[in-house]
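Each residue of the sequence shown is one higher than the last, beginning at 2 in my numbering. All residues carry an ideal CB built from backbone N, CA and C; glycine is no exception.
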Amino acid sequence: MPHGPGTVDRRETMNPIGANTWIWTSPLTDEWLSGLVPRLSAWGFDLVELPVEDPSDWDPASAAAVLREHDLGATVCAVMPPGRELVAADRATVGATQRYVRCCVDAAAALGSGVVAGPLYASVGRKWRVEAGRGRSWCANWPTPCRRLRSTLAS
């Protein structure tokens, strides 16, 4: 967009407009992304939302390079299938999920993105019954998974 007296870059005054690659493919791969990014740029998008189904599906450094080449930003989208749980789960499951979330944060950092979209607390659609009288103790213990996640992300 041209700059000069009276002109304003839309990206400076409005929220960016993006598209999630799930519109076209799943899982995302480097090959798919390298073909899709030029089209998204030509269509006028500002950014691409990149889902992390498995941290090995696509390379954040390669993605950053192709996005930079086409002047597109990025956000990262966590994918929480059954078994990715930060609450009401055993320590091994919580630990594996924390490592996965760390991969998402690392991918976002490599892309220059400050966003990892969720939900991140439990797998999508997961429900569990809190027994009568246990709701308060469950809520009181909520800081525990938050502390664990914070310490994982800080390392």
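Spatial distance of residue i from residue j (CA atoms)
i: L34; j: A93; result: 33 Å
i: L68; j: S57; result: 18 Å
i: A64; j: V102; result: 18 Å
i: C105; j: L112; result: 11 Å
i: E70; j: E54; result: 24 Å
i: V116; j: A133; result: 37 Å
i: S114; j: A108; result: 8 Å
Start-to-end residues for the beta strand (DSSP E) that takes in residue i
i: E54; result: Neither: E54 is in no beta strand (DSSP E) and is coded neither H nor E.
i: V77; result: 74 to 79
Residue i: first and last residue of the uninterrupted alpha helix (DSSP H) it sits in
i: G36; result: 31 to 43
i: G84; result: No alpha helix (DSSP H) contains G84, which DSSP labels as neither H nor E.
i: V227; result: Here the chain covers residues 2 to 156 and nothing more, so residue 227 does not appear.
Per DSSP, cross-strand counterpart(s) of residue i
i: N21; result: E50
i: A93; result: Bridge partners of A93: none, in fact.
i: V102; result: Answer by DSSP bridge pairing: none, since V102 is not bridged.
i: V117; result: V77
Contacts around residue i, its chain only, beta-carbon distance under 7 Å, and the 5 residues preceding and following it disregarded
i: R85; result: T98, Y101, S124
i: T26; result: W33
i: P28; result: E54, D55, D58
i: I18; result: F46, D47
i: L41; result: A20, V49, L73
i: P39; result: H71
Close Cβ partners of residue i (< 8 Å) along its chain, the five nearest in sequence each way excluded
i: D60; result: D31
i: T22; result: L29, W33, L34, L37, V49, E50, L51, P52
Own chain partners of residue i with C-beta closer than 6 Å, once the 5 adjacent residues on each side are dropped
i: R127; result: none
Worksheet item: Do the stretch 77 to 92 and the stretch 109 to 125 touch if we need at least three Cβ pairs shorter than 8 Å?
Response: Contact holds between the stretch 77 to 92 and the stretch 109 to 125, because three or more Cβ pairs, one in each stretch, are under 8 Å apart.
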